[in-house]
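One gets this note's numbering by counting positions in the sequence shown from 1 and adding 183 to each. Even glycine gets a Cβ: it sits at the ideal position worked out from N, Cα and C. Keep in mind it's a predicted model, so treat the numbers as computed, not measured. Reviewing the structure listed below.
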Amino acid sequence: MPRKQKFPHLVSSKWTAHQKVDGWRHFQVVNRKNEGQWVFAEIVAACDPGVRFWINAQLLKDKRLWQAGWKSLQEEESLPMEVDESFIPEVSQSSPTSCHR
């Protein structure tokens, strides 16, 4: 029986950083890399494709750092900060509200 894939919906998922990364908050996963037991995500800023980096996908589950989907500052401030142990959600179809730094 094949093993269940970690982070099956990682590619194309959208994320909001609680702190700006290279001046941006909204990101999308464009690639994944499996290395042994680790899964890495290549993330690109929604408003600046030149801002891209690799991150351990496990860090995306830390709600102190990242929120699934593209959230406005008002939405983000109203969300509870508990740590959720669930897997990455299905891909959101929403777009960033704006590309302000």
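Can you list, in chain order, the residues of its chain whose CB lies under 7 angstroms from that of residue i, leaving out five sequence neighbours each side?
| i | result |
| --- | --- |
| Phe236 | Ile226 |
Could you tell me if residue i is buried or exposed, where buried requires 16 or more neighbouring beta carbons within 10 angstroms of its beta carbon?
| i | result |
| --- | --- |
| Ser196 | buried |
| Trp198 | buried |
| Trp249 | buried |
| Lys187 | exposed |
| Lys142 | What is shown of the chain runs 184 to 284, which leaves residue 142 out entirely. |
By Cβ distance below 8 angstroms, which residues in the same chain neighbour residue i in space, the five residues on each side in sequence not counted?
| i | result |
| --- | --- |
| Cys230 | Trp207, His209, Pro279, Cys282 |
| Asn214 | Val194, Ala224, Glu225 |
Leaving out five residues before and five after residue i in sequence, what residues of the same chain have Cβ atoms less than 6 angstroms from its Cβ?
| i | result |
| --- | --- |
| Val212 | Leu193, Val194, Ser196, Ala224, Ile226 |
| Lys216 | Phe223 |
Could you name the residues that DSSP lists as bridge partners for residue i?
| i | result |
| --- | --- |
| Val204 | Trp207 |
Kindly provide the ranges of any beta strand (DSSP E) runs that are 3 or more residues long and lie completely inside the segment 209–250, ordered along the chain.
221–228, 231–239, all fully within the segment 209–250.
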